[in-house]
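Quick notes on the structure that follows.
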Amino acid sequence: MPVRVGLIKQLFSPPLPASGAPVSEPPSTASAPEPEDGDDLLDDLISQLEAKDGPMQAEDAKVLGEVALSQQAEAEGAPGAGKKMSSKDRFKARQARKAEALAASYLPPDPATDTRLEQEAAAEDSQIRAVCFERHLELWQCPPDGNCMFTAVADQLHLLGLLPAADARPEVTRRAAAQYIRAHPADFVPFLPSVTGEDGQGATDDGLMTSLQFDKYCEKIERTAAWGGQPELLALAKAFRVEIDVVQGGTPSVVRTLPGDAQGKWPVAAISYHRRMYGLGEHYNSLRPMERHTLLPHLLYNHKDIHEHLHPHDPHPHPHPHVVQHPTA
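Under UniProt numbering, the residue at position 174 of the sequence shown is numbered 174, and the numbers go up by one with no gaps.
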């Protein structure tokens with residue numbers, strides 16, 4: 001049977017009216033539990049899809065995709081289209097986009113798409129390696145388990161002498177990030193999405209998280225394998241007083257997260273951000289100082305790639321400075 005109909009109905013059901021208080025206000029004393037949000041329903045759908053074999057996954061994903069497209073068309077073509085969409089229609093359209101993306105991730109492989117993604121992954125890897133070469137850094141692989149960003153930062157903090165080896169693990173950096181965010185809600189709430197946006201269950205009119213949602217977010221960051229992003233990087237930079245440099249493909253090649261206003265006076269933790277290393281999944285690795293025994297192979301074999309990255313308009317790479325060039329007779 002295709003994915004559970006009840007879940008799809010819940011996924012596209014309009015939210016209840018806003019009832020929570022913004023984080024800046026005292027938490028509500030109401031004892032009623034917060035309704036299940038759309039992200040939780042999507043997680044349930046993902047679990048159901050992953051539990052099935054390939055043909056059933058494809059069938060269910062196709063059904064989910066068709067429902068999503070239908071719901072999105074219905075929401076966007078509702079009476080009064082062209083005017084501001086109602087809360088109900090915006091919620092349905094947003095959930096439809098989420099479900100469509102979920103469905104696409106479970107459809108059968110497409111050779112053309114696979115080839116394109118492989119090319120993008122290779123280009124991204126080349127760009128990241130070029131920046132690492134400039135800085136004499138090399139990748140230290142972090143497991144793709146949802147903790148990668150926290151693992152990468154923990155490794156860097158250990159290299160900087162800010163964490164002992166026993167504490168260089170994601171549980172420690174997760175706890176530090178969550179504690180800092182909890183202690184400074186005004187610095188983070190404007191940048192944290194409400195569970196389902198400004199029209200979500202319990203969200204305020206300005207779309208800010210309620211106190212309950214904020215607590216739930218911090219708990220999720222601290223105690224689960226939830227993926228970390230820019231808010232958590234900022235929290236870690238401030239908590240440990242370090243600059244965190246994220247090397248990535250594209251422009252800019254390095255994104256700096258500073259614990260304060262001034263640049264250059266902080267210890268620097270270097271990590272890499274990959275959009276294509278594991279297919280469509282985003283991933284972080286730690287960037288360690290390049291070992292001497294690995295530096296020479298980089299110099300010999302990566303010179304052409306590095307030169308093309310640093311000098312894209314020069315069709316004639318210069319001889320490598322560390323390779324002696326003997327004149328010909």
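Backbone N, C-alpha and C fix where the C-beta goes; we use that ideal spot for every residue, glycine too.
- Assignment of Q141 by DSSP, reduced to helix, strand and coil, places it in the coil class.
- Beta-carbon to beta-carbon, G228 and P144 are separated by about 13 Å, too far to satisfy the 8 Å threshold.
- Here P111 carries a helix assignment [DSSP, helix/strand/coil].
- At a Cβ-Cβ threshold of 8 Å, A269 and L160 count as neighbours.
- For the 8 Å CB-CB criterion, P164 and T151 do not form a contact.
- In the DSSP assignment, P289 forms a beta bridge with L137.
- 8 Å or more divides the Cβ of R256 from the Cβ of A121.
- A168 is positioned such that its CB atom lies closer than 8 Å to that of A154.
- In this structure the region 205 to 222 lies against the region 176 to 190, because at least three pairs of beta carbons, one per stretch, are closer than 8 Å.
- Going by C-alpha positions, Q141 is about 18 Å away from R135.
- Comparing C-alpha distances from T251 to each of V242, Q230, Y273 shows the shortest one belongs to Y273.
- DSSP places S211 inside the alpha helix (DSSP H), whose first and last residues are 211 to 223.
- Within 10 angstroms of the beta-carbon of D245 lie 16 or more other beta-carbons, which makes it buried.
- Measuring C-alpha to C-alpha distances from T210 to each of A186, G146, P111 identifies A186 as the nearest.
- The beta-bridge partner set that DSSP reports for Y278 consists of G281.
- Non-local C-beta neighbours of V131 in its own chain, meaning closer than 6 Å and more than five positions away in sequence, comprise V247, S253, ordered along the chain.
- A straight-line Cα-Cα distance of about 32 Å links R129 and F188.
- Taken through DSSP and simplified to helix, strand or coil, S272 comes out as strand.
- Counting other Cβ atoms within 10 Å of its Cβ, P259 reaches 16 or more and is therefore classed as buried.
- Q213 is classed as buried because its beta carbon has at least 16 other beta carbons within 10 Å across all chains shown.
- At a Cβ-Cβ threshold of 8 Å, G249 and Q127 count as neighbours.
- T257 is bridged by DSSP to I244.
- Here P231 is near L192, since their CB atoms are less than 8 Å apart.
- Here the alpha carbons of A225 and V242 stand approximately 23 Å from one another.
- With fewer than 16 other Cβ atoms from the protein chains shown falling within 10 Å of its own Cβ, R223 counts as exposed.
- Per the coordinates, the alpha-carbon of P111 lies some 12 Å from the alpha-carbon of Q119.
- In this structure, the alpha-carbon of L117 lies about 18 Å from that of Y284.
- Shown here, R169 sits in coil according to DSSP, grouped into three states, outside any helix or strand.
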